[in-house]
Amino acid sequence: MSVSDEGKSLEHAHVEAAYARWAPIYDAVFTAVMKPGRVAAAAAVEALTRPGETLKLLDVGVGTGLELPMFPRAARVTGVDLSEPMLAIARKRVAELGLDNVEALIAMDAMALTFEDDSFDAVVAPYVITVVPDPRRTLDEIARVTRPGGEIILVNHVRQESGPIGWIERWMGAHSHRLGWRPDFPWSIIGDWAAAHPEVTLVGRRSLNPLGLFTIARFKKSRR
Ligand SMILES: C[S@@+](CC[C@H](N)C(=O)[O-])C[C@H]1O[C@@H](n2cnc3c(N)ncnc32)[C@H](O)[C@@H]1O
Numbered sequence: 055m056s057v058s059d060e061g062k063s064l065e066h067a068h069v070e071a072a073y074a075r076w077a078p079i080y081d082a083v084f085t086a087v088m089k090p091g092r093v094a095a096a097a098a099v100e101a102l103t104r105p106g107e108t109l110k111l112l113d114v115g116v117g118t119g120l121e122l123p124m125f126p127r128a129a130r131v132t133g134v135d136l137s138e139p140m141l142a143i144a145r146k147r148v149a150e151l152g153l154d155n156v157e158a159l160i161a162m163d164a165m166a167l168t169f170e171d172d173s174f175d176a177v178v179a180p181y182v183i184t185v186v187p188d189p190r191r192t193l194d195e196i197a198r199v200t201r202p203g204g205e206i207i208l209v210n211h212v213r214q215e216s217g218p219i220g221w222i223e224r225w226m227g228a229h230s231h232r233l234g235w236r237p238d239f240p241w242s243i244i245g246d247w248a249a250a251h252p253e254v255t256l257v258g259r260r261s262l263n264p265l266g267l268f269t270i271a272r273f274k275k276s277r278r
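Basically the working numbering = 1-based index in the sequence shown + 54.
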């Protein structure tokens with residue numbers, strides 16, 4: 055499947071091949087640099103929990119599950135990912151750490167979620183929207199499975215529009231099919247999607263370290 059977008063498109067086959075390559079070394083390379091985003095996403099989930107209540111959480115693009123131990127135990131987590139090699143590591147992590155609040159880790163395409171509408175109290179997608187072939191369709195699916203009144207929490211690398219980092223990002227964008235993500239991903243893809251979806255409202259957006267490279271954005275789905 056290939057869906058053209060602003061800039062380079064990614065294809066499922068490229069993404070799967072890239073993450074099969076990344077899986078054995080993913081944790082060594084990406085644990086620290088992307089930790090602030092995972093911590094921020096987990097804190098946003100924590101803020102949604104109420105004493106004595108559980109929260110049904112979907113983690114889209116759970117990968118090797120680096121964020122799973124960060125979620126509050128009140129979150130009953132379902133994780134999905136396209137890549138079996140990444141999921142195998144996540145399953146091992148869950149078993150080793152005894153994360154019994156992780157209910158399921160399922161191979162599934164984020165652009166075609168098999169869950170019913172309004173299934174989850176919250177959906178997190180850490181470092182995923184820049185990876186999928188069709189970000190808008192993925193956002194549609196995430197919004198569909200979020201219940202009215204629920205929250206969508208996105209963490210992404212968003213390109214810088216000027217300066218040396220922006221130049222490097224644009225150069226790296228030419229190689230995104232091998233990297234498995236789009237370094238030149240513009241915020242406008244998410245912003246324009248949200249503008250076209252009155253049922254979702256941006257409730258917070260801020261840059262994260264290192265160097266403001268990453269952004270956390272929280273959306274609320276309105277009650278009907
Ligand atoms: C950069 S990793 C992020 C993993 C994890 N959330 C983290 O913070 O480390 C992106 C993940 O998205 C997954 N992915 C890519 N395309 C996908 C799709 N269409 N559906 C589901 N997962 C996908 C990849 O397999 C990979 O595990």
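C-beta: ideal position from N, C-alpha, C; glycine also.
Computed from a prediction, not measured in an experiment: that's the story for all the values here.
{"Item": "Any beta strand (DSSP E) of 3 or more consecutive residues that is wholly inside the stretch 85-143", "Value": "109-114 and 129-135"}
{"Item": "Minimum C-alpha distance to residue 129 - residue among 191, 65, 176 and 66", "Value": "176"}
{"Item": "Option in 96, 104 and 164 with minimal Cα separation from residue 184", "Value": "164"}
{"Item": "Residue 71 versus residue 140: straight-line alpha-carbon distance, rounded", "Value": "11 Å"}
{"Item": "Residue range of the alpha helix (DSSP H) that includes residue 183", "Value": "Neither: residue 183 is in no alpha helix (DSSP H) and is coded neither H nor E."}
{"Item": "Buried or exposed (CB count within 10 angstroms, at least 16 for buried), residue 189", "Value": "buried"}
{"Item": "Alpha-carbon to alpha-carbon, residue 258 and residue 123", "Value": "24 Å"}
{"Item": "Boundaries (first-last residue) of the alpha helix (DSSP H) holding residue 191", "Value": "189-199"}
{"Item": "Residue 103 versus residue 210: straight-line alpha-carbon distance, rounded", "Value": "23 Å"}
{"Item": "Cβ neighbour criterion (16 or more within 10 Å) applied to residue 4", "Value": "Only positions 55 to 278 of the chain appear in this structure, which leaves residue 4 out of reach."}
{"Item": "Contacts around residue 191, its chain only, beta-carbon distance under 7 Å, and the 5 residues preceding and following it disregarded", "Value": "165"}
{"Item": "For review: beta carbons within less than 5 Å of any heavy atom in ligand 1", "Value": "69, 73, 115, 117, 120, 135, 136, 137, 140, 163, 164, 180, 181, 182, 185 and 186"}
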